[in-house]
Amino acid sequence: MARLLDVLRAAGLTGTKEGCGEGECGACAVLLNGALVNSCLTPLAHAAGAAITTIEGLASDEQLHAVQQAFLDCGGAQCGICTPGMVLAAVSLLRRNPNPTEDAVREGLAGNLCRCTGYGRIFAAVLEACRRMPQATA
Amino acid sequence: MIPVLDGLDLHVPAGLDDALRMLASGDARPFAGGTDLMVLLDAGRLPPGRYVSLWELAELRGIREEPRGGVSIGALVTFSEIRRSHAMAERYPMLCAAAAQIGGVATQNRATIGGNIANASPAADAPPALVAYDAEIELLSLDGVRRLPYAGFHTGYKQMQLARGEIVSRVLLPARDRGWRDGYHKVGTRRAQAISKVCMAGSIRLDGDIVSDIRLALGSVAPTVVRCRAAEAALRGRSITDETVDGAAQALLADIAPIDDIRSTAAYRRSVAQNLLSAFLRPADQK
Numbered sequence: 262m263a264r265l266l267d268v269l270r271a272a273g274l275t276g277t278k279e280g281c282g283e284g285e286c287g288a289c290a291v292l293l294n295g296a297l298v299n300s301c302l303t304p305l306a307h308a309a310g311a312a313i314t315t316i317e318g319l320a321s322d323e324q325l326h327a328v329q330q331a332f333l334d335c336g337g338a339q340c341g342i343c344t345p346g347m348v349l350a351a352v353s354l355l356r357r358n359p360n361p362t363e364d365a366v367r368e369g370l371a372g373n374l375c376r377c378t379g380y381g382r383i384f385a386a387v388l389e390a391c392r393r394m395p396q397a398t399a
Numbered sequence: 089m090i091p092v093l094d095g096l097d098l099h100v101p102a103g104l105d106d107a108l109r110m111l112a113s114g115d116a117r118p119f120a121g122g123t124d125l126m127v128l129l130d131a132g133r134l135p136p137g138r139y140v141s142l143w144e145l146a147e148l149r150g151i152r153e154e155p156r157g158g159v160s161i162g163a164l165v166t167f168s169e170i171r172r173s174h175a176m177a178e179r180y181p182m183l184c185a186a187a188a189q190i191g192g193v194a195t196q197n198r199a200t201i202g203g204n205i206a207n208a209s210p211a212a213d214a215p216p217a218l219v220a221y222d223a224e225i226e227l228l229s230l231d232g233v234r235r236l237p238y239a240g241f242h243t244g245y246k247q248m249q250l251a252r253g254e255i256v257s258r259v260l261l262p263a264r265d266r267g268w269r270d271g272y273h274k275v276g277t278r279r280a281q282a283i284s285k286v287c288m289a290g291s292i293r294l295d296g297d298i299v300s301d302i303r304l305a306l307g308s309v310a311p312t313v314v315r316c317r318a319a320e321a322a323l324r325g326r327s328i329t330d331e332t333v334d335g336a337a338q339a340l341l342a343d344i345a346p347i348d349d350i351r352s353t354a355a356y357r358r359s360v361a362q363n364l365l366s367a368f369l370r371p372a373d374q375k
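Chains A and B, in that order, give the protein sequences.
For the first sequence, this note's numbering assigns the number 262 to the initial residue and increments by one for each residue that follows.
For the second sequence, this note's numbering assigns the number 89 to the initial residue and increments by one for each residue that follows.
Take a look at the structure:
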């Protein structure tokens with residue numbers, strides 16, 4: 262049985278990180294048919310025929326995703342190991358809830374651990390991205 | 089090279105019959121969302137062998153209204169689906185509360201209610217709510233379907249009334265009369281991503297100020313989730329006063345058998361269990 266995480270990384274998509282390897286930290290989070298999952302706990306067989314978005318697939322050619330740009334502008338990343346999973350968790354949250362409160366951001370990212378930032382700038386980045394995204398006012 | 093979990097084969101069945109046949113043969117175990125099993129497999133804490141994926145089986149999905157009232161939840165329904173369900177939010181809010189506290193979003197998107205039951209942990213988050221709602225459980229094998237009261241399904245630590253070749257197929261929540269008040273509270277080390285130290289689910293119905301009916305369930309305080317019948321008996325037919333609340337908290341100690349372990353101590357669990365009961369009985373005293 263292969264883990265989705267290992268298959269992605271062997272394919273060169275090394276933006277997806279292995280942190281704890283047991284579903285506690287969210288560093289390996291990807292979108293599977295649009296739903297956030299930990300790829301370390303996802304057997305490859307459960308990804309058959311599914312659309313998978315990793316951090317590599319978020320930016321378009323020259324343009325970062327609004328969440329990525331906000332992480333950059335707000336200092337939402339330090340060592341960077343949690344950042345791909347954190348960004349994908351934020352994207353997943355904003356798709357479900359385009360105007361989250363800070364509490365909703367905290368809850369939406371509760372499965373993603375960061376050992377550097379203390380989270381303050383990460384939450385600020387997600388709220389900033391939400392302000393910049395066109396659907397936020399819709 | 090891609091690492092492979094040694095000696096493990098996850099078989100995707102052609103359909104439900106194929107899955108049940110493989111499980112009946114006795115050399116394969118069921119595999120749902122994998123949020124518990126993958127951790128154990130990766131750590132080498134489960135035997136190598138064949139696993140049958142239930143993830144693709146449509147028969148085990150969906151939240152359905154039952155003809156005689158009540159709701160049937162497929163074993164493969166994820167906790168995210170439970171959180172999003174209006175039927176759950178309106179009629180069985182403790183299950184939504186439990187779902188919201190099972191890991192983070194990524195776990196809730198994969199973890200299933202059937203898996204939460206069949207993993208048989210006494211610290212599982214959904215079972216106290218299921219016991220307090222007087223749920224039934226539906227089991228399926230090649231021999232057919234049977235239904236049991238959920239409250240007696242777990243018989244000891246990691247033990248349950250699941251025969252070889254049988255899977256949990258659905259969970260059935262009975263119709264509810266109006267007038268019940270529910271309370272669900274999980275106490276862990278932190279507010280997210282924590283395994284519970286004590287978890288309580290309670291449903292109470294008052295007739296005037298008399299407790300006409302009550303169902304209390306606690307997790308993480310015994311080898312299985314427990315229905316707290318002694319505490320219930322101390323309250324049923326009485327009004328809620330300092331004396332009855334204290335009496336019920338005392339009676340509760342006969343319902344539970346907590347231990348010292350890696351997450352907490354028996355003494356702390358007894359004390360928190362009593363506090364959760366008092367807080368549930370007197371919501372106005374909180375805040």
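Glycine included, C-beta positions come from ideal geometry on N, C-alpha and C.
- Check the Cα spacing between Gly276 of chain A and each of A:Ala331, A:Val348 and A:Leu354: the tightest is with A:Val348.
- In the DSSP assignment, the residues bridged to Asn299 of chain A are A:Ala290.
- Look at the segment 367-382 of chain A: the residues with a C-beta under 9 Å from a C-beta of chain B are Arg367, Glu368, Gly369, Leu370, Ala371, Gly372, Asn373 and Leu374.
- For Ser229 of chain B against Ala112 of chain B, the beta-carbon gap comes to about 7 Å, under 8 Å, which counts as contact.
- With a contact defined as Cβ atoms closer than 8 Å, Ala355 of chain B and Ala336 of chain B miss out at about 19 Å.
- In the three-state DSSP reduction, His273 of chain B falls in the strand class (E or B).
- Positions of the alpha helix (DSSP H) runs, each at least 4 residues long and wholly inside the segment 319-384 of chain A, are given as 327-335, 344-357 and 363-369 in order along the chain.
- With a cutoff of 8 Å on beta-carbon distance, Ala327 of chain A and Met394 of chain A are scored as near each other.
- Val352 of chain A has a beta carbon lying at 8 Å or more from every beta carbon in chain B.
- Exclusion of the five residues before and after Asp97 of chain B leaves Arg138 as the residues of its chain whose Cβ lies within less than 6 Å of its Cβ.
- The CB of Val348 of chain A never comes closer than 8 Å to any CB in chain B; the least such distance is about 13 Å.
- For Asn207 of chain B, no Cβ of chain A is located within less than 8 Å of the residue's own Cβ.
- Close to chain A, meaning a Cβ-Cβ distance shorter than 8 Å, are the following residues of the segment 90-115 of chain B: Ile90, Pro91, Val92, Leu93, Leu96, Asp97, Leu98 and Val100.
- In this structure the segment 211-219 of chain B touches the segment 171-188 of chain B; the number of beta carbon pairs closer than 8 Å is three or more.
- If you check the CB distance, Pro210 of chain B and Ala310 of chain B come in under 8 Å.
- For Val298 of chain A, the closest Cβ of chain B is nearer than 8 Å.
- Around the beta-carbon of Thr123 of chain B, 16 or more other beta-carbon atoms lie within 10 Å, marking it buried.
- The C-beta distance from Val193 of chain B to Ser141 of chain B rounds to 22 Å, too long to fall under 8 Å, and the pair is not in contact.
- Against chain B, the beta carbon of Gly287 of chain A has neighbours under 8 Å at Gly192 and Ala194, listed in chain order.
- Each residue's CA atom was taken as its position, placing Gly273 of chain A and Arg198 of chain B some 25 Å apart.
- At least 8 Å separates the CB of Val140 of chain B from every CB of chain A.
- Taking a cut-off of 8 Å for Cβ pairs, the segment 149-166 of chain B and the segment 232-241 of chain B do not touch, as fewer than three such pairs fall below it.
- Under the criterion of beta carbons closer than 8 Å, Cys335 of chain A and Ala271 of chain A do not qualify as touching, at roughly 33 Å.
- Around the Cβ of Thr315 of chain A, a 10 Å sphere holds 16 or more other Cβ atoms; the residue is buried.
- Closest in C-alpha terms to Val387 of chain A, from the list A:Ala371, A:Glu363, A:Ala288 and A:Gly372, comes A:Glu363.
- Taking the beta carbon of Glu283 of chain A as reference, the chain B residues within 9 Å of it are Met126, Val127, Asp130 and Ala131, listed in sequence order.
- Taking a Cβ-Cβ threshold of 7 Å, the residues of chain A close to Thr123 of chain B are Gly284 and Leu302, in chain order.
- Ranked by Cα distance from Glu285 of chain A, the options A:Leu354, A:Cys343 and A:Ala365 are led by A:Cys343.
- Glu169 of chain B and Ala131 of chain B have their C-alpha atoms roughly 29 Å apart.
- For Ala306 of chain A, a Cβ of chain B is located within less than 8 Å of the residue's own Cβ.
- Of all C-beta pairs linking the segment 285-299 of chain A to the segment 362-381 of chain A, three or more are shorter than 8 Å, placing the two stretches in contact.
- The continuous stretches of alpha helix (DSSP H) do not include Arg258 of chain B, which lies in the beta strand (DSSP E) extending over residues Ile255 to Leu261.
- Residue range Ile201 to Ala206 is occupied by the alpha helix (DSSP H) that includes Ile201 of chain B.
- Residue contact with chain A for Arg351 of chain B: absent (no Cβ-Cβ distance below 8 Å to any residue of chain A).
- Following the DSSP letters along the chain, one finds Glu226 of chain B inside the beta strand (DSSP E) bounded by residues Glu224 to Ser229.
- Around Met394 of chain A, no beta-carbon contact reaches into chain B at under 7 Å, the shortest distance being about 19 Å.
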